[in-house]
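Colleague: Here it is, the structure in full.
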Amino acid sequence: MKFSRSVFVFFTIFLCAELMAKSNPVPLINQPLVPDSIAPGSKGFSLTINGTGFADGAVVNWNGSQRLTQVISGSKVKASIKASDVAKAGTAAVTVTNSGGATSNVVYFPIRKPAAKVAFAADPKFTATGTIATGDFNNDGILDVAVGNGTTIDVYLGKGDGSFRNPIQSSVSNVDPMFYMVAADVNNDGNLDLIVSGGSYVDVAVLLGDGKGSFTQSATYGAVFDDRGYLAVGDINGDGKLDFVVSGFDYAGSAFAFLGNGDGTFQQVDGNIGLDGPMVLGDFNGDGILDLAGVDIDDGGPLLVAFGNGDGTFQKPTVYDTGGPANAVVAADVNGDGYLDLITDGVAVWLNNGDGTFSLGKTFPIGGYQYGNGPMSIGDFNGDGKLDLAVIVFDSNDSPSVDILLGRGHGRFSNPTELSLASRVGYFLGLGDFNGTGELALAVSTGSGTVFLQSPVSVSPTSLNFGNQEVGGSSKPQDVKLTNIGTFTLPLEGIKIIGADPKDFSEKNDCGSSLPPNGNCKISATFKPTATGQRTASLAIEYKGPGSPQTVPLSGTGISPAVSLTPQHLTYSTQLAGTTSPPQTATLTNTGDYAVNISKIWTTGAFSETNNCPSTLQVNGSCRIQVQFKPSEKGPAHGKLSVSDDAEGSPQTVALSGTGTVVEFSPISVNFGDQKVSTRSPAVPITLTNVGTTALSITQITITGADSGDFQQSNNCGSGVPAKGHCTIKTSFKPLAKGQRKANLAVSDDGGGSPQKVPLEGTGT
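Everything in the sequence shown is counted per the working numbering, starting at 189 for the first residue and increasing by one.
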């Protein structure tokens with residue numbers, strides 16, 4: 189069968205019209221790029237990009253310039269990157285554009301030398317407060333920062349050296365307080381726009397960018413939820429127009445999709461998506477349709493994955509138990525098998541089985557906050573070709589930090605490096621190269637917004653707290669280790685104390701004028717408060733390089749606590765070796781104006797203690813310390829009760845003394861009762877035992893005391909008693925007068941506590 193030429197032409201025209209009429213989706217790039225970083229000066233190479241929605245004719249953009257591109261499939265493209273593209277250190281912005289102009293999200297490609305470690309320094313000049321989004325808002329190829337604060341958006345245009353220009357301000361209505369913000373080109377005009385959600389009675393506002401750093405609010409969607417609007421942006425129905433999903437915190441299982449009209453307005457899709465909390469979009473089951481994954485904060489942090497239907501709706505989510513609270517999720521192929529995996533902020537790695545189902549891989553527990561951690565970002569921070577993690581972490585006191593977990597490949601990560609933050613963190617953690625070094629930096633939403641630049645200087649620890657210190661006294665030194673993790677010798681320009689109370693702190697160091705690569709030095713800081721109350725300062729480390737000066741916050745509290753420990757001396761009666769005396773009491777009282785922290789209570793010598801003292805003794809409080817004497821040998825014994833605390837005069841002490849003896853009597857006293865005057869009682873034997881390990885020498889056995897003539901003794905002890913031996917002393921009573929008569933059997937020896945005495949008593953009638 190043959191077609192005429194006219195039929196063929198008509199068919200061709202019809203086919204082209206159909207192709208032109210069909211919209212290509214907005215592509216989505218997955219991480220990592222392959223490779224995901226390269227050293228400057230490398231040869232040209234082929235860059236593989238995995239993702240979703242790559243159409244025939246798609247092209248890869250390298251810093252906005254097109255590169256030779258091969259479309260392998262709807263989920264993979266390859267681009268030829270020139271040697272000149274990577275000749276110098278820097279960071280390339282990689283995007284993919286489909287026919288028709290729809291451009292993907294940006295993934296940053298670091299051009300830098302790989303490093304075994306990373307360190308970050310906070311930019312003290314960037315102090316903007318609020319919700320943060322990063323992007324090139326004025327199309328000059330330099331990364332900028334947008335900060336949502338109250339009813340305004342402040343855009344800080346980057347200068348390319350890590351610093352920023354004065355902010356450009358744009359107004360926003362109906363989204364105060366701002367909670368979450370994402371940057372994307374929602375009207376496909378080549379300029380980044382913003383989608384902003386509110387933090388209570390959630391409203392969502394769309395602001396269109398003018399390509400110069402200013403924004404105009406184009407649409408507002410009111411009261412979507414009662415609390416906290418999390419956002420995820422992508423082309424969920426594949427029509428070439430960006431859509432967004434918003435989820436709420438208080439309504440369990442509440443999330444709704446809004447489909448873009450391509451002009452900055454959206455239409456809400458009927459149907460509730462059964463998840464809430466932070467979300468991420470990606471094609472998890474490989475069908476070319478974007479799916480949705482999120483963590484359900486309201487129900488304790490399970491991971492939920494909902495497959496997309498391609499029309500803006502989603503299937504019922506599959507639930508995966510994270511084993512604890514989770515507040516964030518990111519998507520990336522972390523084990524290199526070509527499938528998009530998920531990571532929750534526990535940290536837990538969820539490996540894709542290849543069909544959109546997930547199995548729990550390795551976990552890396554961080555943080556100590558009962559409600560989980562915070563936002564996450566993923567990228568190659570150290571340029572070694574393995575994806576790394578940045579995670580907002582809260583400790584058990586709700587104090588925030590940023591933990592950097594360097595990737596080891598195959599879904600594994602190293603122990604975290606911690607960056608301290610001064611205040612509670614918000615809900616965004618952006619990344620990008622703000623100073624053109626090829627080293628990814630962080631933009632953190634905090635109570636005092638912070639940009640962290642990568643630095644050749646690693647400081648550990650990142651802050652020092654000296655606790656309570658008596659005014660005029662000096663703390664023990666605390667050390668800071670300074671390490672050059674760079675590849676060049678680092679010139680040091682000075683180390684000094686700055687801040688509110690610099691005279692209360694001092695430092696000594698062995699750092700010299702420079703540090704070689706991988707070299708380190710020690711800075712020792714000391715706290716000597718000049719006044720009571722909270723005292724603060726910072727250790728400032730100045731050097732030639734990004735992030736200088738690095739500062740280490742110093743803090744401590746000047747106090748003047750006082751305690752008394754009474755009595756000053758405890759004396760014990762002669763005590764048989766190996767036996768324990770009754771306790772005697774010492775009292776510790778807080779006599780000052782501040783609580784006293786007790787660190788240790790102990791005794792020396794043949795003495796022991798028990799106490800009811802708390803670790804912190806409040807003002808006017810007191811506690812009792814019971815001390816007992818247990819000699820192990822004969823002779824005088826001396827010891828000391830000591831209390832170590834943060835009060836003046838610590839440690840406080842009580843002198844302890846007693847005498848140990850190896851001479852044991854049985855019975856220990858004799859009462860002869862009534863006895864007629866001038867008549868003798870029956871003899872009562874008293875056994876003397878030497879409990880010692882050496883022979884006891886006896887020099888005299890006699891009757892002493894007021895009525896010594898009324899009592900008599902005879903014995904078989906001779907001049908001594910062998911170790912563990914005994915002898916007998918017979919005593920009798922012959923009163924010389926009527927009434928109560930008293931004396932003592934006295935033994936003089938070398939057994940300790942000589943003469944030992946046995947009381948004798950009787951009544952003459």
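Every residue gets a Cβ at the ideal spot worked out from N, C-alpha and C, and that includes glycine. A quick note: this is a predicted structure, and the numbers were derived from the prediction, not measured.
(1) Could you spell out where the beta strand (DSSP E) holding glutamate 949 opens and where it closes?
(2) For a quick check, are the C-beta atoms of valine 815 and leucine 829 less than 8 Å apart?
(3) Could you give the DSSP three-state label for glycine 939: helix, strand or coil?
(4) For my contact list, valine 374 and leucine 430 are in at a C-beta cut-off of 8 Å; report their separation, rounded to the angstrom.
(5) Going by DSSP in three states, alanine 277 sits in which element: helix, strand or coil?
(6) Is DSSP giving lysine 918 helix, strand or coil here?
(7) Could you tell me if isoleucine 477 is buried or exposed, where buried requires 16 or more neighbouring beta carbons within 10 angstroms of its beta carbon?
(8) Since I believe valine 590 is in contact with leucine 977 (beta carbons under 8 Å), could you give me their beta-carbon distance rounded to a whole number of angstroms?
(9) Can you give, in chain order, each stretch of the beta strand (DSSP E) that sits fully within the region 651 to 694 and has at least 3 residues?
(10) If you draw a straight line from the C-alpha of alanine 725 to the C-alpha of valine 421, how long is it?
(11) Say whether the region 848 to 867 touches the region 830 to 838, bearing in mind that this needs 3 or more beta-carbon pairs closer than 8 Å, one atom from each stretch.
(12) Is the beta carbon of proline 490 within less than 7 Å of some heavy atom of the ligand MG?
(13) Could you tell me the alpha carbon to alpha carbon distance between glycine 232 and glycine 241, rounded to whole angstroms?
(14) Report the residue from Thr339, Ala371, Asp332, Phe367 whose alpha carbon sits nearest the alpha carbon of asparagine 354.
(15) Determine the contact status of histidine 826 and threonine 875, defining contact as a CB-CB distance below 8 Å.
(16) For my contact list, valine 865 and leucine 776 are in at a C-beta cut-off of 8 Å; report their separation, rounded to the angstrom.
(17) Do the region 749 to 756 and the region 696 to 709 meet, that is, are 3 or more Cβ pairs less than 8 Å apart?
(18) Please report the straight-line C-alpha distance between alanine 931 and cysteine 811, rounded to a whole angstrom.
(19) Whole-angstrom Cβ separation of isoleucine 747 and glutamine 657, contact assumed at under 8 Å?
(20) Using the Cβ count rule (16 or more neighbours within 10 Å means buried), how would you classify alanine 275?
(21) Identify every run of the beta strand (DSSP E) within the region 775 to 802, keeping only runs that are complete inside it and at least 3 residues long; order them along the chain.
(22) Taking the alpha-carbon positions, what's the proline 298 to aspartate 464 distance?
(23) Of all the options Gly707, Pro553, Leu382, which has the alpha carbon lying nearest to the alpha carbon of threonine 404?
(24) Locate the beta strand (DSSP E) running through asparagine 540, then write down its first and last residues.
(25) If you run the structure through DSSP and keep just helix, strand and coil, what is isoleucine 383?
(26) Give a yes or no on whether the C-beta atoms belonging to phenylalanine 495 and aspartate 479 are separated by under 8 Å.
(27) Once DSSP output is grouped into helix, strand and coil, what is the label at alanine 934?
(28) Can you grab the Cα-Cα spacing for the pair phenylalanine 552 / valine 842, in whole Å?
(29) Measure the Cβ-Cβ separation of tyrosine 782 and proline 741 and say whether it is below 8 Å.
(30) Taking valine 807 as the reference, which of Val384, Thr759, Cys709, Gly780 has the closest Cα?
(31) Short of 6 Å in beta carbon distance, which residues of its chain neighbour aspartate 475, apart from the five on each side in sequence? Order them along the chain.
(32) Could you check the C-alpha separation between serine 643 and leucine 396 for me, to the nearest Å?
(33) Tell me the start and end of each unbroken beta strand (DSSP E) in the region 437 to 469 that is at least 3 residues and wholly inside, in chain order.
(34) Identify, in the order they occur along the chain, each residue of the same chain with its Cβ nearer than 6 Å to the Cβ of isoleucine 789, setting aside the five sequence neighbours on each side.
(35) Please identify the residue among Thr951, Ile260, Asp458, Asp834 whose C-alpha is closest to the C-alpha of glycine 660.
(36) From alanine 307 to phenylalanine 622, what does the alpha carbon distance come to, in whole angstroms?
Modeller: Reading off the structure:
(1) For the purposes of this step, residue 949 is taken as residue 761 along the sequence shown, with counting starting at 1. Note, glutamate 949: beta strand (DSSP E), 944 to 952.
(2) In the sequence shown, residue 815 corresponds to position 627, counting from 1. In the sequence shown, residue 829 corresponds to position 641, counting from 1. The answer is yes: Cβ separation under 8 Å.
(3) Numbered from its first residue, the sequence shown carries residue 939 at position 751. Coil.
(4) Here the question's residue 374 lines up with position 186 in the sequence shown. Here the question's residue 430 lines up with position 242 in the sequence shown. Confirmed, about 5 Å.
(5) The residue given as residue 277 occupies position 89 in the sequence shown. Here alanine 277 sits in coil by DSSP.
(6) Against the sequence shown, residue 918 aligns to sequence position 730. Lysine 918 falls in the strand class under three-state DSSP.
(7) For the purposes of this step, residue 477 is taken as residue 289 along the sequence shown, with counting starting at 1. Classification of isoleucine 477: buried, given that the 10 Å Cβ count is 16 or more.
(8) This structure cannot speak to residue 977, because the chain is shown only from 189 to 953.
(9) 652 to 658, 666 to 672, 678 to 686
(10) The residue labelled residue 725 in the question sits at position 537 within the sequence shown. The residue labelled residue 421 in the question sits at position 233 within the sequence shown. Computed Cα separation, rounded: 43 Å.
(11) no
(12) Looking at this structure, you won't find the ligand MG or any other ligand, since it has none at all.
(13) Sequence index remark: in the sequence shown, residue 232 carries index 44 (1-based). Sequence index remark: in the sequence shown, residue 241 carries index 53 (1-based). In a straight line, the C-alpha of glycine 232 is about 26 Å away from that of glycine 241.
(14) Taking the sequence shown and counting its residues from 1, the one referred to as residue 354 is at position 166. Measuring from the Cα of asparagine 354, the nearest candidate turns out to be Asp332.
(15) Working through the sequence shown from its first residue, we reach residue 826 at position 638. Working through the sequence shown from its first residue, we reach residue 875 at position 687. Their beta carbons are not under 8 Å apart, which means histidine 826 does not touch threonine 875 by this criterion.
(16) The residue given as residue 865 occupies position 677 in the sequence shown. The residue given as residue 776 occupies position 588 in the sequence shown. Their Cβ separation, rounded to whole angstroms, is 56 Å, which puts valine 865 and leucine 776 out of contact at 8 Å.
(17) no
(18) As a first step, residue 931 must be located in the sequence shown, where it is residue number 743. As a first step, residue 811 must be located in the sequence shown, where it is residue number 623. Answer to the nearest angstrom: the Cα atoms are 42 Å apart.
(19) Residue 747 sits at position 559 when you count from the first residue of the sequence shown. Residue 657 sits at position 469 when you count from the first residue of the sequence shown. With 8 Å as the limit, isoleucine 747 and glutamine 657 qualify as a contact, their Cβ atoms being about 7 Å apart.
(20) Counted from its first residue, the sequence shown places residue 275 at position 87. By the 10 Å Cβ count, alanine 275 comes out exposed.
(21) 784 to 791, 795 to 799
(22) Here residue 298 corresponds to residue number 110 of the sequence shown, with the count starting at 1. Here residue 464 corresponds to residue number 276 of the sequence shown, with the count starting at 1. Cα to Cα, the separation comes out at about 33 Å.
(23) Here residue 404 corresponds to residue number 216 of the sequence shown, with the count starting at 1. That would be Leu382, whose Cα lies nearest to the Cα of threonine 404.
(24) Indexing the sequence shown from 1 puts residue 540 at position 352. That run of the beta strand (DSSP E) goes 536 to 540.
(25) Numbered from its first residue, the sequence shown carries residue 383 at position 195. It is a strand residue.
(26) Here residue 495 refers to the residue found at position 307 when the sequence shown is read from its first residue. Here residue 479 refers to the residue found at position 291 when the sequence shown is read from its first residue. Yes; because the gap between Cβ atoms is below 8 Å, this pair is in contact.
(27) Locating residue 934 in the sequence shown gives position 746, counting from the first residue. It is a strand residue.
(28) Counting from 1 along the sequence shown, the entry for residue 552 is found at position 364. Counting from 1 along the sequence shown, the entry for residue 842 is found at position 654. Approximately 50 Å, taken between the alpha carbons.
(29) Stepping through the sequence shown from its first residue, residue 782 is reached at position 594. Stepping through the sequence shown from its first residue, residue 741 is reached at position 553. Not in contact: tyrosine 782 and proline 741 (Cβ atoms no closer than 8 Å).
(30) The residue you call residue 807 lines up with position 619 of the sequence shown. Comparing Cα positions, the closest option is Gly780.
(31) By one-based count along the sequence shown, residue 475 stands at place 287. Excluding sequence neighbours, aspartate 475 sits near nothing in its chain.
(32) Counting from one through the sequence shown, the residue named residue 643 turns up at place 455. Counting from one through the sequence shown, the residue named residue 396 turns up at place 208. Going from the Cα of serine 643 to the Cα of leucine 396 covers about 35 Å.
(33) 443 to 448, 454 to 456
(34) By one-based count along the sequence shown, residue 789 stands at place 601. If we look at isoleucine 789 and ignore the five residues flanking it on each side, its Cβ neighbours are Asn799, Val831.
(35) Translated into the one-based positions of the sequence shown, residue 660 becomes position 472. Of the candidates Thr951, Ile260, Asp458, Asp834, the one whose C-alpha sits nearest the C-alpha of glycine 660 is Asp834.
(36) To locate residue 307, count along the sequence shown from 1; it is residue 119. To locate residue 622, count along the sequence shown from 1; it is residue 434. Between alanine 307 and phenylalanine 622, the C-alpha separation is close to 15 Å.
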